[in-house]
Amino acid sequence: MRPPLAVAGYTDEVLEVVGGTLTEAERTRADRFTRKQDRLDFIAAHLLVRHCAAEILGTRACMLTVVQRCERCDQAHGRPRLAEAPELSVTLAHTSGYVCAAAGYGRVGVDAEHATSGPADQSLAALALTPAEAALVGRDNARLIRQWVRKEALVKRGELTLDRLREVDLSALPFDGGPSGDLEWEGRHFLEWRAGTVIATAITDEPGKLRLLGG
């Protein structure tokens, strides 16, 4: 069984490397974005997650169909899955100009956000951080975003909800991982990296591999 894999890159570089076709539901969702960059980010992430999963499955990305169905409203959004391989978990994320995806057996979750210069957003800190985390973050926005993407990745794994972020304390995790970028917390493996202003985290059940596309 192949280990979990996370793949990421800038949107324009991903679109140069990966190809494929979206489903009608995905194309409809993509067309709803009013900003071109948002639309391209969505497309790139949905193509990238197919390529990520295909490598683990030993098949071609064009053979895989990504489907999403919200458990609450039955609309075409929510946690993604593969129609042809529901036993393999997949996850994706996109922020302006940057996309990432992860796949693996068991639970997977990934998130990425830009960390702007300047002090941490105190309203976001109040929403997401425990007292112990807040003490470590202080006014450092990069540290705040690191904790935010970690918890968003847990949400995408189905282990946390946005209204319960402060119930999970990740203060034991260092803000800068080891040379491999791999951290472990309560049986979960964190693959963490940065790309310019982007801060990203993928969480898997087993130690995973990270591949960054482009420069």
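First residue of the sequence shown: 35, per the working numbering; consecutive thereafter. Glycine included, every Cβ here is placed at the ideal spot set by N, Cα and C.
* To do: Starting from the C-beta of valine 202, find all residues in its chain whose C-beta is less than 7 Å away, skip the five residues before and the five after it, and write them out in chain order.
  => Lys185, Leu188, Leu194
* Would glycine 149 pass as a contact of serine 205 if the rule is Cβ separation under 8 Å? -> It is alanine, not glycine, that sits at residue 149 in the sequence shown. No, the Cβ-Cβ distance between alanine 149 and serine 205 is not below 8 Å.
* Is the beta carbon of alanine 64 sitting closer than 8 Å to the one on histidine 128? -> no
* To do: May I ask you to report which of helix, strand or coil DSSP gives valine 183?
  => helix
* Looking at alanine 234 and glutamate 240, is the spacing between their C-beta atoms short of 8 Å? -> no
* What does a CB cutoff of less than 8 Å around arginine 228 pick up in its chain, not counting 5 residues either side in sequence? -> Ala234
* Measure the CB-CB distance between valine 171 and alanine 159 and report whether it falls below 8 Å. => yes
* How would you label alanine 162, buried or exposed, when you count the other beta carbons within 10 angstroms and need 16 or more for buried? -> buried
* Between which two residues does the alpha helix (DSSP H) containing glutamate 58 stretch? -> 58-65
* Measure the alpha-carbon distance for tyrosine 139 versus arginine 66 and round it to whole angstroms. => 32 Å
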